[in-house]
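Numbering of the sequence shown is given in our numbering, commencing with residue 23 and proceeding in unit increments. Below you'll find the structure, written out as structure tokens, and then a few comments.
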Amino acid sequence: MVLLGAGLGARLRPLTDDRPKCVVEIGGEPLARRMLRQFADRGIARATVVVGHFAERAKELIGDSVGKMPIRFVENTEYATTNTMYSTLLAIDTLADGGFLVEGDIVAHDAVIDRLVGADDRRSHWAVDAWTAAHSGSRLWTSGGKRIVKQEIYRAQTTAPVPDAWKSSGMLRLTGATAQQLGQRLRDEPDRTIYYDDVIGKHVNELELDVLDLEGMPWVEIDDLADMAQARKMFEDQP
23 MVLLGAGLGA RLRPLTDDRP KCVVEIGGEP LARRMLRQFA DRGIARATVV VGHFAERAKE
83 LIGDSVGKMP IRFVENTEYA TTNTMYSTLL AIDTLADGGF LVEGDIVAHD AVIDRLVGAD
143 DRRSHWAVDA WTAAHSGSRL WTSGGKRIVK QEIYRAQTTA PVPDAWKSSG MLRLTGATAQ
203 QLGQRLRDEP DRTIYYDDVI GKHVNELELD VLDLEGMPWV EIDDLADMAQ ARKMFEDQP
């Protein structure tokens with residue numbers, strides 16, 4: 023698996039004054055280590071973590087292993103001027119045989135990880151929830167089925183649910199073939215300031231990803247202090 027943890031986390035200050043947001047804590051456990059533990063508990067054998075902002079602090083708080091799963095670190099030294107597409111590019115080759123791509127600011131219930139790990143490994147999946155008025159960010163579209171046909175970054179909030187639209191959870195399961203195709207598209211992309219989501223969106227028909235509906239199971243993407251408060255309320259002292 024690959025976990026992306028290079029970001030600045032400016033909107034989480036002061037929690038990120040001395041660490042990147044991937045290692046702010048929920049229930050006394052750094053976010054990234056919690057996510058890695060959940061995958062390790064389900065038999066995932068190895069992980070690559072992309073670090074950048076406060077890289078050494080991130081390595082210290084995550085550690086060299088989680089359970090029996092060794093952790094390999096890759097450093098994005100250009101984290102301040104690049105985005106997740108570049109961090110993904112630095113590590114995507116480790117998924118050449120298939121695996122998981124996870125953003126480092128996600129906290130999720132064990133049931134979410136169970137669904138992702140249990141998904142058909144012959145296909146590529148993007149874990150999602152149905153798009154609601156509360157959502158913004160990476161929005162995915164299907165056309166009456168599971169296959170993703172469009173992706174966009176949507177900054178505004180809608181006033182009602184949008185049929186066939188889905189909110190990215192920041193968690194994907196990729197086949198080896200899809201990961202290799204994505205790697206090539208990342209290498210071809212000249213703009214390092216965009217999200218990996220955008221690169222997938224440009225080549226969505228080629229990459230052939232299906233939505234994996236989380237059906238409202240608990241997860242939070244932690245971008246700011248309000249998200250952190252929600253996550254702590256939802257997950258502290260819980261799995």
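Note that CB positions come from ideal geometry on N, CA and C, so glycine has one too.
Would you mind stating whether VAL88 and ARG41 have Cβ atoms separated by less than 8 Å?
Here the question's residue 88 lines up with position 66 in the sequence shown. Here the question's residue 41 lines up with position 19 in the sequence shown. Cβ distance not < 8 Å, so VAL88 and ARG41 don't count as in contact.
Where does ARG94 sit, in a helix, a strand or coil, going by DSSP?
Reading the sequence shown from its first residue, position 72 is the one you call residue 94. In the structure shown, ARG94 sits in a strand (DSSP, three-state: E or B).
With the cut-off set at 8 Å, would you say LEU194 and ALA155 are in Cβ contact?
Residue numbering aside, residue 194 sits at position 172 when the sequence shown is read from its first letter. Residue numbering aside, residue 155 sits at position 133 when the sequence shown is read from its first letter. Cβ distance not < 8 Å, so LEU194 and ALA155 don't count as in contact.
Below 6 Å CB to CB, which residues in the same chain sit around LEU231 once its five sequence neighbours on both sides are set aside?
For the purposes of this step, residue 231 is taken as the residue at position 209 of the sequence shown. Result list for LEU231: SER146, TRP148, ILE170, in chain order.
Does the separation of the CB atoms of GLY120 and LEU196 fall below 8 Å?
Counted from its first residue, the sequence shown places residue 120 at position 98. Counted from its first residue, the sequence shown places residue 196 at position 174. Result yes, Cβ atoms of GLY120 and LEU196 sit closer than 8 Å.
DSSP on GLY198, reduced to helix/strand/coil?
The residue given as residue 198 occupies position 176 in the sequence shown. Helix.
Expressed to the nearest angstrom, what Euclidean distance is found between the alpha-carbon atoms of GLN206 and MET107?
The residue labelled residue 206 in the question sits at position 184 within the sequence shown. The residue labelled residue 107 in the question sits at position 85 within the sequence shown. C-alpha separation (whole angstroms): 12 Å.
In angstroms with no decimal places, state the Cα-to-Cα distance between ILE84 and ARG55.
To locate residue 84, count along the sequence shown from 1; it is residue 62. To locate residue 55, count along the sequence shown from 1; it is residue 33. Looking at the two C-alpha atoms, the distance is approximately 5 Å.
With the cut-off set at 8 Å, would you say ALA251 and GLY198 are in Cβ contact?
As a working mapping, residue 251 is identified with position 229 in the sequence shown. As a working mapping, residue 198 is identified with position 176 in the sequence shown. Contact: no.
Could you check if THR103 is buried or exposed, using at least 16 other CB atoms within 10 Å of its CB as the buried criterion?
Position 81 of the sequence shown, counting from 1, holds the residue named residue 103. Result: exposed.
With distance defined between alpha-carbon atoms, name the residue in SER160, ILE128, ARG94, HIS157 nearest to ALA113.
As a position in the sequence shown, residue 113 is number 91, starting the count at 1. Among SER160, ILE128, ARG94, HIS157, the Cα nearest to that of ALA113 belongs to ARG94.
Taking GLY29 as the reference, give the member of LEU111, GLY65, GLU125, ALA253 with the closest Cα.
By 1-based counting over the sequence shown, the position of residue 29 is 7. Here the closest residue by C-alpha is GLU125.
Which word fits THR99, buried or exposed, when buried means at least 16 other C-beta atoms lie within 10 angstroms of its C-beta?
What you label residue 99 is simply residue 77 of the sequence shown in a count that begins at 1. Burial call: exposed.
Have a look at the DSSP bridge pairing and note the partners of ILE48.
Working through the sequence shown from its first residue, we reach residue 48 at position 26. In DSSP, ILE48 forms a bridge with GLU51.
Whose CA, out of GLU97, ARG33, ALA67, ASP220, lies closest to the CA of ALA80?
Numbered from 1 along the sequence shown, position 58 holds the residue referred to as residue 80. Ranking the options by Cα distance to ALA80, first place goes to GLU97.
If I follow the unbroken beta strand (DSSP E) through ARG161, where does it start and stop?
Within the sequence shown, residue 161 is the residue found at index 139, counting from 1. Unbroken beta strand (DSSP E) run through ARG161: 159 to 164.
To the nearest angstrom, report how far apart ARG64 and ASP245 are at their CA atoms.
For the purposes of this step, residue 64 is taken as the residue at position 42 of the sequence shown. For the purposes of this step, residue 245 is taken as the residue at position 223 of the sequence shown. Cα-Cα distance, rounded: 27 Å.
Going along the chain, which residues of its own chain have a beta-carbon closer than 6 Å to the beta-carbon of GLY76, five neighbours each way excluded?
Against the sequence shown, residue 76 aligns to sequence position 54. With the sequence shown as reference, residue 76 is identified as Phe, and Gly is not the correct amino acid for it. Within the same chain, PHE76 has close Cβ partners ARG41, PRO42.
Measure the alpha-carbon distance for ASP227 versus GLU237 and round it to whole angstroms.
Locating residue 227 in the sequence shown gives position 205, counting from the first residue. Locating residue 237 in the sequence shown gives position 215, counting from the first residue. The identity of residue 227 in the sequence shown is Asn, whereas the question assumes Asp. Looking at the two C-alpha atoms, the distance is approximately 25 Å.
Which residue's Cα is closest to the Cα of THR164: SER158, TRP241, SER190, ASP186?
Numbered from its first residue, the sequence shown carries residue 164 at position 142. The residue among SER158, TRP241, SER190, ASP186 with its C-alpha nearest the C-alpha of THR164 is ASP186.
Can you tell me where the beta strand (DSSP E) holding ILE175 begins and where it ends?
Your numbering for residue 175 matches position 153 in the sequence shown. First-last of the beta strand (DSSP E) with ILE175: 170 to 176.
Could you name the residues of the same chain whose beta carbon sits closer than 7 Å to that of LEU208, not counting the 5 residues immediately before and after it, in chain order?
Numbered from 1 along the sequence shown, position 186 holds the residue referred to as residue 208. Only MET107, THR110, LEU111, ILE114, VAL221 meet the Cβ criterion.
Taking only the alpha-carbon atoms, compute the straight-line gap between CYS44 and LEU53 and give it to the nearest angstrom.
Here residue 44 corresponds to residue number 22 of the sequence shown, with the count starting at 1. Here residue 53 corresponds to residue number 31 of the sequence shown, with the count starting at 1. Spanning the two alpha carbons is a distance of roughly 6 Å.
Would you mind stating whether ILE48 and VAL129 have Cβ atoms separated by less than 8 Å?
Numbered from 1 along the sequence shown, position 26 holds the residue referred to as residue 48. Numbered from 1 along the sequence shown, position 107 holds the residue referred to as residue 129. Their beta carbons are under 8 Å apart, which means ILE48 touches VAL129 by this criterion.
If you draw a straight line from the alpha carbon of THR38 to that of THR215, how long is it in whole angstroms?
Working through the sequence shown from its first residue, we reach residue 38 at position 16. Working through the sequence shown from its first residue, we reach residue 215 at position 193. If you take the alpha carbons of THR38 and THR215, they lie about 21 Å apart.
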